[in-house]
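Quick note: the sequence shown uses our numbering, first residue 28, plus one each step.
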Amino acid sequence: MKKLFFLSAVLVLCFSFSVTAGEPETYGLQKLIRIGMENNPDLFAARLTVISYQEAVRSSKKMPNPTLELHTGRAESRDTPMKVNTGGIAVSQFIENPFQRDARIQGMKHDWESAQEDLHLRRNDLIFQIKTLVYEILLWEKNRALASNNFRSMQEMSRLIQKRAELGEVKELEALKLSVEVQRIRNTENEAETRLVLLQERLNTLLGINLPLPIAIEGALAYAPLLPDESTLIQNATGAHPAIAGSRAALNRAQSDWHRERWSLFPGFSLSGFSSRELDGTNAGIGVSLELPLWNQNKAGIARADSLLRKAEQELRSTTRLIIDGIKMAYAHLMLAERTISLYDSGLLQQVEQSLRLADISYREGEISLMDYLDSQRTYNAVIKDRYQALYDWNQKKAALENAAGEELK
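What follows is the structure, encoded as structure tokens:
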């Protein structure tokens, strides 16, 4: 009895596993974004750049290695025929000007900050690209479903008209026209299938991983009216946008370089200790060496640092203006997309649906021609496709505004 129960449990588990394994895995937008964050090669390279600058900052705080000098020789006295082996050892340590050292370390820290902001900027851009591709895939899935439903409906209508043509109730030309229309709709469905395959391959390339095709994506093209405050978005962006923060870090780096070049007029010095065995005894002591900036006051380096500082200031101003302009443009596009959706939802969809139903009844009763019916069908499909396109535009423009502002809209 126990063996029978054990075998039954194993069979149930195997059956459950086989059913679960047969179901294709679905991917939501956030899951795809997480996969992209983990596997995108460009983002991975940017992370390595951040790590390299972090290690450079740690190394910049260390003192330079000391210098060890060894020498040996043989000395001969002038007064007596005596020869003595001589030799010595010296150790020197360079001591950097503390102000110049601090400017150098601060410059490396600003490079690290700039790399972090570049990583943040690349992450935002990757999220925007993933969202755009996912929304486009959802759009073409809607177009494919619309074409498929339309194909089945028109195919059934074509069979009906073909039978009526065989009975002489309608002209054969109408059956031929309807057959051509069915093939046209079939081509539209095939186009949507091809476009979906290409988009999913592009998504795999962007994610940096080969998900099995076709990729089953959860969700739909949603719409929820947003009322983001444009001035608040601009204010937040000027303080925290990664592009502006990166330019600000570059400006701080230029300021550190300027201070370092200025402090080069007061160079560091080297301390040394030595001990040597000479002909008449041992000599030991300490010494100090200092570079005197008599002939070269580093005027070229200071002038170059000054020019780069002014350049960084202008680049920060330019980047700030570009970000503000980008936010304003993306905001205007999003508001336009919202008005477009409102136009469809205010009654246009109901009107075309009612018009199609009336056209279908009128054609079946012989009140309108086939061409009038096909025109009504095309008008309905065009309006539905345009609304799908409007939903895609709104979601894409929302993602574009998030990318331009550097923050997620909620």
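Glycine included, C-beta positions come from ideal geometry on N, C-alpha and C.
query, result
"DSSP three-state assignment for residue 268, whether helix, strand or coil", "coil"
"Which listed residue (436, 98, 381) has its alpha carbon closest to that of residue 116", "98"
"Cut-off 6 Å between Cβ atoms - residues of its own chain near residue 364, not counting five sequence neighbours on either side", "420, 421, 424"
"Nearest candidate by alpha-carbon position, reference residue 94, set 129, 282, 301, 114", "301"
"Every unbroken alpha helix (DSSP H) within the segment 195-237, with a cutoff of 4 residues, ordered by chain", "199-234"
"Which of helix, strand or coil DSSP assigns to residue 393", "coil"
"Rounded C-alpha distance that separates residue 32 from residue 58", "Caution applies to residue 32, whose pLDDT of 44 falls short of 50 and renders its modelled position unreliable; the value that the coordinates give is listed next. For residue 32 and residue 58, the distance between alpha carbons rounds to 40 Å."
"Residue 135 classed as buried or exposed, judged by whether at least 16 other C-beta atoms fall within 10 angstroms", "buried"
"Distance between beta carbons of residue 409 and residue 371, contact taken as under 8 Å", "Residue 371 to residue 409, Cβ: 12 Å. No contact."
"7 Å Cβ shell around residue 278 - same chain, five flanking residues per side excluded", "339, 340, 343"
"Among 102, 53, 146, the one whose alpha carbon lies nearest that of residue 72", "146"
"The segment 284-304 contacting the segment 261-274, beta-carbon criterion three pairs below 8 Å", "no"
"Inter-residue spacing [alpha-carbon to alpha-carbon] between residue 206 and residue 185", "6 Å"
"Cα-Cα separation between residue 102 and residue 297, rounded to whole angstroms", "29 Å"
"Three or more C-beta pairs below 8 Å linking the segment 257-270 and the segment 65-83", "no"
"C-beta contact flag for residue 230 and residue 242 at 8 Å", "yes"
"Beta-carbon spacing of residue 221, residue 174 below 8 Å", "no"
"Where residue 429 sits in the DSSP three-state scheme", "helix"
"Cβ-based burial, residue 432 [other Cβ within 10 Å; buried from 16]", "buried"
"Given 8 Å, three or more beta-carbon pairs between the segment 154-161 and the segment 318-329", "no"
"C-alpha gap between residue 108 and residue 305, whole angstroms", "16 Å"
"Own chain residues within Cβ distance below 8 Å of residue 434, not counting five before or after", "260, 263, 264, 267"
"Cut-off 7 Å between Cβ atoms - residues of its own chain near residue 212, not counting five sequence neighbours on either side", "174, 177, 178, 181"
"For residue 244, the residue or residues it bridges with in DSSP", "54"
"Neighbourhood of residue 367 by C-beta, 6 Å cutoff - its chain only, sequence neighbours within 5 removed", "417"
"Same chain only: Cβ atoms within 7 Å of residue 124, ignoring 5 sequence neighbours per side", "290, 293, 294, 295"
"Beta-bridge pairing of residue 304 - partner residues as DSSP gives them", "114, 309"
"Min CB distance residue 77 to chain B below 8 Å", "The question asks about chain B, but that chain is absent: this structure has only one protein chain."
"Contacting residues, own chain, Cβ-Cβ under 8 Å from residue 45 (five flanking each side not counted)", "Bear in mind that a pLDDT of 43 at residue 45, under 50, signals an unreliable position, so the number given afterwards is only what the model happens to contain. So no residue of the chain qualifies."
"Residue 293, DSSP secondary structure in three states", "coil"
"Local Cβ density within 10 Å of residue 393, reported as buried at 16 or more and exposed below that", "exposed"
"For residue 288, the three-state DSSP class (helix, strand or coil)", "helix"
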